[in-house]
Amino acid sequence: MRILVINGPNLNMLGIREPDIYGKKTYKDLCDMIESFAKENDVEVELYQSNYEGDIVTKIQEAYRNFDGIVINPAAYTHTSVAILDALKAVGIRTCEVHISDVNEREMFRHLSYVSYYAEKSFIGLGFDGYIEAIKYLAK
Ligand code: DQA
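My numbering applies: residue 13 is where the sequence shown begins, and numbers increase by one.
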């Protein structure tokens with residue numbers, strides 16, 4: 013089982029950015045947590061973070077035939093990117109969406125998620141645990 017974990021813009025700033033919303037743990041803490049869970053559960057993971065929409069689209073395209081599942085937190089692109097939605101549809105890989113914060117309890121513009129039109133399941137407002145729950149869901 014090979015899972016690609018994609019994090020969108022500003023998630024590399026975890027620990028620094030708005031800690032009251034996203035917590036004090038860093039992006040490295042997130043990567044370490046995902047990698048150790050994957051190791052213990054016999055899942056192969058690749059972690060990818062980018063601030064660029066087009067690079068995320070390319071990464072999804074390259075996942076075609078190389079990954080069994082995608083866990084994606086598109087961050088701000090969640091609410092704007094038809095291109096990321098179309099890339100996911102193009103490759104047809106099973107996908108879960110993750111948001112650290114509860115986007116439905118925040119500003120109205122965060123309530124719309126383009127990716128959710130394709131994602132099998134969304135894990136919202138569970139903090140870092142959302143990534144683990146998404147991996148478990150895809151791996152079961
Ligand atoms: C986020 C929520 C988005 O609205 C925001 O733009 C992010 C992070 C989350 O994980 O809660 O960058 O996807």
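Each residue gets a CB set at the ideal place from its N, CA and C atoms; glycine is no exception.
Proximity below 8 Å, CB of residue 142 to CB of residue 105
Numbered from 1 along the sequence shown, position 130 holds the residue referred to as residue 142. Numbered from 1 along the sequence shown, position 93 holds the residue referred to as residue 105. Taking 8 Å as the Cβ cut-off, residue 142 and residue 105 do not qualify as a contacting pair.
Quick one: Cα of residue 95 to Cα of residue 89, how far?
Indexing the sequence shown from 1 puts residue 95 at position 83. Indexing the sequence shown from 1 puts residue 89 at position 77. Their Cα atoms are separated by approximately 9 Å.
From this set, 124, 19, 145 and 114, which residue's C-alpha is nearest residue 68's C-alpha?
Here residue 68 corresponds to residue number 56 of the sequence shown, with the count starting at 1. The residue with the shortest Cα to Cα distance from residue 68 is 19.
Residue ranges of each alpha helix (DSSP H) run of no fewer than 4 residues wholly in the region 93 to 137, ordered along the chain?
94 to 103
Beta carbon of residue 134 nearer than 8 Å to that of residue 91:
Residue mapping note: residue 134 aligns to position 122 of the sequence shown, counting from 1. Residue mapping note: residue 91 aligns to position 79 of the sequence shown, counting from 1. No, the Cβ-Cβ distance between residue 134 and residue 91 is not below 8 Å.
Please classify residue 83: does DSSP put it in a helix, a strand, or coil?
In the sequence shown, residue 83 corresponds to position 71, counting from 1. The answer is strand: DSSP assigns residue 83 an E or B state.
Does the ligand DQA have a heavy atom nearer than 7 Å to the CB of residue 97?
Your numbering for residue 97 matches position 85 in the sequence shown. For the ligand DQA, not one heavy atom lies less than 7 Å from the Cβ of residue 97.
Counting beta carbon pairs with one atom in the region 38 to 46 and one in the region 21 to 28, are three or more of them shorter than 8 Å?
yes
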